[in-house]
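In the numbering used here, the protein residues as written are 16 to 722.
Here's the structure, in structure tokens; my notes come after.
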């Protein structure tokens, strides 16, 4: 009888704890083995007898339905034979009686996804239980296109499952804690489901550029029943208000359970979820917030803002808008599909704003292409460039003989794309990455980059572009060559600044001031109009709160402060009626009688809230209960109605909402939860308090879990 008779595999041990430790995948809460491509892992095969010369033994890894060698979806690996053409490798580490220890290394460009492992001996095929292996991108592998050399960065951008998303306004930036939770139960399965749903070909699954573009489309539900439905209407009945999420886990788990879009998201929720998905798949990823982000529907590098004579912004006229902030993601990869010089961070955005190639998706766009003005590069570089580089043009709309007349007041070239922010590596603080996206304002590199971009994007002539204005005949002659805009400079050296003079607490009067300066010598008469409005972060005005109008006399070189005060009655009703966090927008228009100089300035500010404090031990033992207390004192002059406390701690406490009723002025809420830590290491508890009046009070506290 020849030697091959009857050799059978009787068992397979995927050596999960050893393999996952070496592959930095031991965090995943899943029964299956999770490994990264291009890196060896070991498999122990038990046989019914010793392995002899001439025995036929192969490990087969198949991906997708009906895998075949010819399509490259089946790798049949035979130890001690020529390496497989697929770039996968196998070798025998040691033979010990009926046990055979094998080492398998997948190709560093292998398609990412789920592989079924079978052991073939002669004509016998053994299918182990839990024999499905999840293969991910590998930032630790030099030959993987997502390779990242710095260990501290890999820890942050791949392995950190908590972080912050920066929101607010350029005037007052704050951090919103966010639980990414890429290792939680069903999150990896949800990502694999999205990969299948994307219908990416096997060869596209090798490439992080295709994978990240597909994920930017699938995280929004606009055209593919993806993960999240966007909603900016202010009405979130029948779903969860965007402000009520504190992490991605519940969203992805519920999506995987129901396979139906989850309601509702706004930009930071889309970015939080996309960050989870990319980190989960092994692509280094970070959330990026841009303050004063242009949402320019015309790709012409200009956003027009229309004011009435009182200085109030007019919603209904604008085709495009400036968002107080917008959040997208950067993912790290080599761009093998582009000319040299565009590797590194790539912007992707899953907030559904504009269709790209007919789908709501955006990116990957090389951040370097944005900085250099190379806006013709794939993908969507024009759109991203405009978000951080557009100019702002203010128009005043006056009624003259019953017709609207548009008067151009101010051009701001430096206000858009400010304070581009992400969480710092290894620290709980904000890192400003504006200089990765653009050269310093006014530098000669910036000029050159702008000229490059403008040769591909044609900035239109200076005519107002509102849907209403375009029907006005006098503008038809202004279609000329593109205009490169310059910052408005006035003859009188006019300067406006808007500040708050008291803390902006809901329930108190809003006390602000407009400072007017004129630097040119002379005696100037200045008409000042100021307005205060409540607006959504998307720039949409929600309520007009009040205006002031004054004429002042100013000596050149001096300044004057004009107060603007809004009583609580003017805004508290609006505040309690919306389910979003709103900002206070103050706009000023100054006009110098003697020279006809005009200038306008706007500043958005956020309300300030009393804090929540967290009391819990600094250290706790694995599987031992501890108590965590949340304490909140309502220091405001108004009751907070319908309060909810949202609490989540990854590996400590499952996401839960506690109803707290109304909290009267001066009253203290104390809420305790019992936590049982299920994982070792540095963990965090995140809490958020929402009410009718206030949406955005959040806090977090760290704890170390030991054996």
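Cβ coordinates follow ideal geometry from the N, Cα and C atoms, glycine included.
Taking every protein chain shown into account, the CB of residue 679 has fewer than 16 other CB atoms within 10 angstroms, so this residue is exposed. Counting C-beta pairs closer than 8 angstroms gives three or more between the region 36 to 50 and the region 188 to 202, which meets the contact rule. In the three-state reduction of the DSSP assignment, residue 295 falls in the helix class. Less than 8 angstroms divides the Cβ of residue 583 from the Cβ of residue 522.
Pairing residue 344 with residue 302 gives a Cβ-Cβ distance under 8 angstroms. In this chain, the beta strand (DSSP E) harbouring residue 576 covers 574 to 581. The beta-carbon separation of residue 167 and residue 441, rounded to 5 angstroms, stays under the 8 angstroms limit for a contact. The alpha carbon of residue 338 has as its nearest neighbour, out of 501, 552, 432 and 331, the alpha carbon of 552.
Counting other Cβ atoms within 10 Å of its Cβ, residue 100 stays below 16 and is therefore classed as exposed.
When the five nearest sequence neighbours on each side are left out, the beta carbons in the same chain lying within less than 6 angstroms of the beta carbon of residue 630 are those of 644, in order along the chain. Per the coordinates, the alpha-carbon of residue 428 lies some 46 angstroms from the alpha-carbon of residue 201. Linking residue 39 to residue 451 through their CA atoms gives a straight-line distance of about 29 angstroms. DSSP, read as helix, strand or coil, puts residue 260 in coil. For residue 234 and residue 161, the gap between their C-alpha atoms comes out near 21 angstroms. Setting aside the 5 residues that flank it on each side, residue 641 is surrounded in the same chain by 631, 632, 635 and 690, each with a C-beta closer than 7 angstroms to its C-beta; the list follows chain order. By the Cβ neighbour-count rule, residue 331 is exposed, with fewer than 16 other Cβ atoms within 10 Å of its own. If you draw a 10 Å sphere on the C-beta of residue 355, you find fewer than 16 other C-beta atoms in it, and that means exposed. DSSP, read as helix, strand or coil, puts residue 545 in strand. Annotated three-state conformation of residue 98 is coil, per DSSP.
The shortest CA-to-CA distance from residue 117 to any of 134, 341, 58 and 146 is the one to 58.
Around the Cβ of residue 649, a 10 Å sphere holds 16 or more other Cβ atoms; the residue is buried. With contact defined as three or more Cβ pairs closer than 8 angstroms, the region 208 to 221 and the region 507 to 524 are not in contact. Straight across, the Cα-Cα distance linking residue 192 with residue 364 is about 20 angstroms.
Inclusion of residue 296 and residue 266 in the CB contact set at 8 angstroms is not warranted, their separation being larger than that value. Every unbroken stretch of the beta strand (DSSP E) spanning 3 or more residues and falling wholly within the region 37 to 74 is given here in chain order: 48 to 51 and 55 to 62. Pairing residue 271 with residue 176 gives a Cβ-Cβ distance that is not under 8 angstroms.
Residue pairing by DSSP places residue 562 opposite 546 in a beta bridge. In the DSSP assignment, the residues bridged to residue 658 are 676.
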